[in-house]
Each structure stands twice: as structure tokens, then as C-alpha cells.
Amino acid sequence: MFDVHSPISFEQFMAKALHAPEAGYYARRISGVGRTGDFTTAPMLSDAPARAIAAWAARAMRESGCRNLIEIGPGEGRLAAGVLKNLPWHLRWKTRLHLVETSVPLAERQRKLLGNRATWHRGMIDALAACGGNAVIFSNELVDAFPVRRFQKTAEGWQEIAVRFDEQRRAHESLLAPGPLPDSSGFLENHPPGQCIEVHDSYRRYLTEWLPLWKSGRMLTIDYGAAAETLYHRRPRGTVRAYLLHQRLEGAEIYQNPGRQDLTADVNFTDLQNWSRPWISKQQVMSFGEFLQSPPDEYGSVFLVLDQTR
Numbered sequence: 002m003f004d005v006h007s008p009i010s011f012e013q014f015m016a017k018a019l020h021a022p023e024a025g026y027y028a029r030r031i032s033g034v035g036r037t038g039d040f041t042t043a044p045m046l047s048d049a050p051a052r053a054i055a056a057w058a059a060r061a062m063r064e065s066g067c068r069n070l071i072e073i074g075p076g077e078g079r080l081a082a083g084v085l086k087n088l089p090w091h092l093r094w095k096t097r098l099h100l101v102e103t104s105v106p107l108a109e110r111q112r113k114l115l116g117n118r119a120t121w122h123r124g125m126i127d128a129l130a131a132c133g134g135n136a137v138i139f140s141n142e143l144v145d146a147f148p149v150r151r152f153q154k155t156a157e158g159w160q161e162i163a164v165r166f167d168e169q170r171r172a173h174e175s176l177l178a179p180g181p182l183p184d185s186s187g188f189l190e191n192h193p194p195g196q197c198i199e200v201h202d203s204y205r206r207y208l209t210e211w212l213p214l215w216k217s218g219r220m221l222t223i224d225y226g227a228a229a230e231t232l233y234h235r236r237p238r239g240t241v242r243a244y245l246l247h248q249r250l251e252g253a254e255i256y257q258n259p260g261r262q263d264l265t266a267d268v269n270f271t272d273l274q275n276w277s278r279p280w281i282s283k284q285q286v287m288s289f290g291e292f293l294q295s296p297p298d299e300y301g302s303v304f305l306v307l308d309q310t311r
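Residue numbers (this note's numbering): 2 to 311.
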């Protein structure tokens, strides 16, 4: 999968490991989400997230007049099915559900579960075209699956982390020469030398491709992460890690099973707000526990919810 001679940026490594057409984790080899898969998402643990999202979607559709409901990156489709089930009956039959999915194996699982209750799209541009630009949108643990750029603070300034593989397929990290930095609030924080940070620059590019085509509605983004000022507290190596059969892997282990394990990084919610601000009229961030209106637990405190209005 990787050239043994030339260093590539970490973003390029992560993109190939997750999305390469023949050998990428999401493209071909994902073994499922949940107890028998590599990782579990919060909605797999109870139906409370589906109920809360359904209540939010019902309010959003009433307020905006939209009847198109889009989920981006729906996993195995269980959250979408739960949201539909928990919509008020008089709204459920009028709602047109759209699922945006790039993974062939996951789309197949979604179709088995949802049948003709949804319409599938490969991208948001197509989904918004089908909705006339008017839609209520939600995603759960989508942003963290996008490849990240990694940077380390040095005496020369911020330098991007690259990786190369030797003949024994062992990974070796290096630093690229200082250059222009991507748009991120992470660089504005007072980090000490040696600190590593991630920037979801691929998600920024993805977001700004289709946000101008979104005419009206609301959008809910659920993911694990924090605001820029607290994201890297006591995390000198950053937040990148891998998951293989529910085992968390860090450090050099993130390079050992490319294409066979999930790779992820925490989300900088300050960046999400800044990147979308030109197209958003109102936005607020809350904890997942506040969104669920339940006492805080492991997921309620680690996950954040970004609610935005167009």
C-alpha cells in the first residue's frame, strides 16, 4: 500500500489506510460497528441518542419547513432507523430520509436494514441537489474519520509530521520543512515545544465544498473532542490513535496494521465553528449529556454537539 522509499505526510498515510479503493479500512475491510467490530459508537449503546436526535430533527423541520433529513456517514444505519422510529408519526410519513455514504460495505448493511425507507447518495453535493438545497442534516462521529494533518512545535516553528516505511514495513516519522500552515485555531494556543497537534484540514475542504449549496435548515454534528484551548491538555503527542477489535493502539502501533484498523483523532470544535461561520446564521456547542438532557457519563462528557442554523 505504501512506497518504502518516499516520506508522505501523515494525512496522506491516513487517507490511504482508511480510504484506498482496494485495501482501505472503510472502503473494503471494515468488519462492522459494535461488539463484533473494531469500535462502538455511542448510539450503539442505547436508544437515547436516537430519541434526542429525533426530537431535535422534529423541531428543526417544523421551524425550517424542510422535509428532507440527511445523515452523513450513517455507519450501519441503526441511528437513522432509530431516528425515523422516534419521529412523531404525523411527521414520520412526510420525512424524506437521505443517507450519504462512501463505504460500499456499510451502504450494503444500511440497505438491508432500511430497505426503501431511504435514498442513498455518494456525496453531499448530490444529496443537497436532490433536496433543492433545503435540508435538516445530522452526523455522528463523522469528522473524526477524516484524515488529519499532524504538526509538531519546534524551535523552527510548527513543522508537519511525515512518515515513511522501510523494507521491513516499519514506520519512521520525520518532520517536513516549515511551510504555510492550514487554517486552525490550534496554532494560536500557547503550546510548549514538542507538542503535537492535529488539523482536520480534509474535513475543512469537504465542508466548504458543499456548505455554499445548503440554502436552509439546521445541522447537528456529534463527535468526541473539545474546544481548542483544552483539546491537548496533558496530551503532548496529540490525540491520534487506532482501534482494532476494540483494542486502543497508540504511538508506533498506529502504523502497524494499515487498512486493517480504524484511525481517528479528536475534533477541534473551535475549528468547526470557525470554518462554517461564513454560511451559518447561528451556532452553539453543548456537551452530549446536555443534548440528551441526562446526567453526565463517559460519553456525555467526552462528546460534544454542534448545533448550527442556516
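Where is the CB? At the ideal position from N, CA and C, for every residue including glycine.
- Note that the C-beta distance between L250 and I126 is not below 9 Å.
- Listed in chain order, the non-local C-beta contacts of V84 below 7 Å within the same chain comprise A51, I54, A55 and A58, local neighbours out to five positions each way being set aside.
- With respect to E168, A229 sits apart: the two C-beta atoms are not nearer than 9 Å.
- Under the DSSP assignment, E174 falls in the beta strand (DSSP E) whose first and last residues are A172 to L176.
- One thing to note: I71 has its Cβ within 9 Å of the Cβ of V101.
- For I126, the enclosing alpha helix (DSSP H) covers residues M125 to A131.
- Comparing alpha carbon positions, the residue from H192, R151 and N141 closest to R235 is H192.
- Judged by DSSP secondary structure, K113 falls within the alpha helix (DSSP H) whose first and last residues are V105 to L115.
- If only uninterrupted beta strand (DSSP E) runs of at least 3 residues are considered, those enclosed by the segment 141-172 are 150-155 and 158-166.
- When secondary structure is reduced to three states using DSSP, L92 falls in the helix class.
- No Cβ-Cβ contact shorter than 9 Å links G158 with L107.
- Taken atom to atom, the span from the alpha-carbon of T240 to that of A82 is near 31 Å.
- Looking only at S10, F11, M62 and E23, the smallest Cα-Cα distance to R261 is reached by E23.
- By the criterion of at least three beta-carbon pairs nearer than 8 Å, the segment 242-249 is not in contact with the segment 270-284.
- Cβ neighbours of F270 within its own chain (closer than 7 Å, five residues either side excluded): G226, A227, A228, V286, L305 and L307.
- Taking all protein chains shown into account, H99 has 16 or more neighbouring C-beta atoms within 10 Å of its C-beta and is therefore buried.
- Of the candidates I255, G187, D267 and R93, D267 places its Cα closest to the Cα of V144.
- Nearest C-alpha to R171 among Y256, Q284 and W94: Y256.
- Your pair T265 and A146 checks out as a contact, with CB atoms roughly 7 Å apart and the cut at 8 Å.
- Distance between K86 and Q13, taken at the CA atoms: about 39 Å.
- With contacts defined as CB atoms closer than 9 Å, S10 and R150 qualify as a contacting pair.
- Within the DSSP bridge table, the entry for E199 names R151 as partners.
- Look at V306 here: in three-state DSSP terms it is strand.
- Per the coordinates, the alpha-carbon of S288 lies some 35 Å from the alpha-carbon of G180.
- DSSP places V84 in the helix class (H, G or I) of the three-state scheme.
- Linking Y204 to P148 through their CA atoms gives a straight-line distance of about 8 Å.
- Within the DSSP bridge table, the entry for W121 names L100 as partners.
- Remark: C-beta atoms of L182 and F139 do not approach each other more closely than 9 Å.
- For the pair K283 and V200, the Cα-to-Cα distance works out to about 24 Å.
- Taking 3 residues as the shortest admissible run, the segment 274-298 contains the following complete beta strand (DSSP E) segments, listed from N- to C-terminal end: 283-288.
- Under the criterion of beta carbons closer than 8 Å, F3 and P194 do not qualify as touching, at roughly 30 Å.
- DSSP places D267 in the coil class of the three-state scheme, outside both helix and strand.
- Close CB contacts of W90 within its chain, under the 6 Å cut and outside five residues either way in sequence, are absent.
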